[in-house]
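Positions in the sequence shown are counted from 1; adding 42 to them yields the working numbering.
Every residue, glycine too, gets a C-beta built ideally from N, C-alpha and C.
Beneath this line is the structure, given in structure tokens, with notes to follow.
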Amino acid sequence: MNASELMQRIAQRRGVRQFVKFGIVGASGFVVNLLIFTLIFNLTAVSEHGRIYNLAYSVSFLAGGVSNYIFNRIWTFRATGHPLVQAVQFLVVSAAALGVGLLVSHILEPYLGPGHRLWFVATVSGMVVNFFANKYWTFRSAS
43 MNASELMQRI
53 AQRRGVRQFV
63 KFGIVGASGF
73 VVNLLIFTLI
83 FNLTAVSEHG
93 RIYNLAYSVS
103 FLAGGVSNYI
113 FNRIWTFRAT
123 GHPLVQAVQF
133 LVVSAAALGV
143 GLLVSHILEP
153 YLGPGHRLWF
163 VATVSGMVVN
173 FFANKYWTFR
183 SAS
């Protein structure tokens with residue numbers, strides 16, 4: 043088997059396609075998250091950044107999560123389960139991921155400050171929780 047045939051066989055695997063789609067959807071949610079965080083953060087005075095960080099992080103994280111739910115349900119997993127049940131599960135996972143991100147923010151803020159560097163590290167930590175919990179719980183019947 044040559045490299046081209048191997049790549050074609052890998053690309054035909056459902057799990058690999060789902061992972062790539064999940065990554066694309068996650069990237070779009072990441073952009074939504076970043077834009078909303080930046081908007082909220084930039085509309086506040088610099089002296090308020092420390093106090094507004096948790097609100098900006100939470101609102102932007104959840105906005106990215108809503109777009110991720112819609113696209114993952116429709117496109118990535120082509121889920122056929124009950125949409126309300128899956129929405130609640132996705133919300134629970136998002137809340138857990140938000141908690142992880144806020145915990146990471148709390149721990150690392152003294153070192154990174156309440157800006158985009160901290161937002162990035164916290165968001166990536168939440169993304170890890172989101173992927174595994176949604177893959178194996180929310181959309182498990184479609185996996």
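What does the Cβ neighbour count give for residue i, buried or exposed, with the cut at 16 atoms within 10 Å?
| i | result |
| --- | --- |
| residue 43 | exposed |
| residue 110 | buried |
| residue 128 | buried |
| residue 33 | No statement about residue 33 is possible, as the shown extent of the chain runs from 43 to 185 and does not include it. |
| residue 170 | exposed |
| residue 45 | exposed |
| residue 126 | exposed |
Give the single residue among the options whose Cα lies nearest to the Cα of residue i.
| i | options | result |
| --- | --- | --- |
| residue 156 | 118, 82, 128 | 82 |
| residue 182 | 91, 76, 69, 121 | 121 |
| residue 76 | 172, 159, 174, 114 | 159 |
| residue 105 | 117, 58, 137 | 137 |
Tell me which residue opens and which closes the alpha helix (DSSP H) that residue i is part of.
| i | result |
| --- | --- |
| residue 125 | 125-154 |
| residue 172 | 158-175 |
| residue 84 | 56-84 |
| residue 114 | It is not in any alpha helix (DSSP H) - residue 114 carries neither H nor E in the DSSP assignment. |
Please work out which residues of its chain come closer than 8 Å, Cβ to Cβ, to residue i, disregarding the five sequence neighbours upstream and downstream, and give them in chain order.
| i | result |
| --- | --- |
| residue 144 | 96, 99, 100, 164 |
Give every residue of the same chain whose Cβ lies closer than 7 Å to the Cβ of residue i, excluding the five residues on either side of it in the sequence, and list them in chain order.
| i | result |
| --- | --- |
| residue 151 | 160 |
Residues in the same chain with beta-carbon distance under 6 Å from residue i, minus the five sequence neighbours each way, listed in chain order, please.
| i | result |
| --- | --- |
| residue 114 | 67 |
| residue 175 | 135 |
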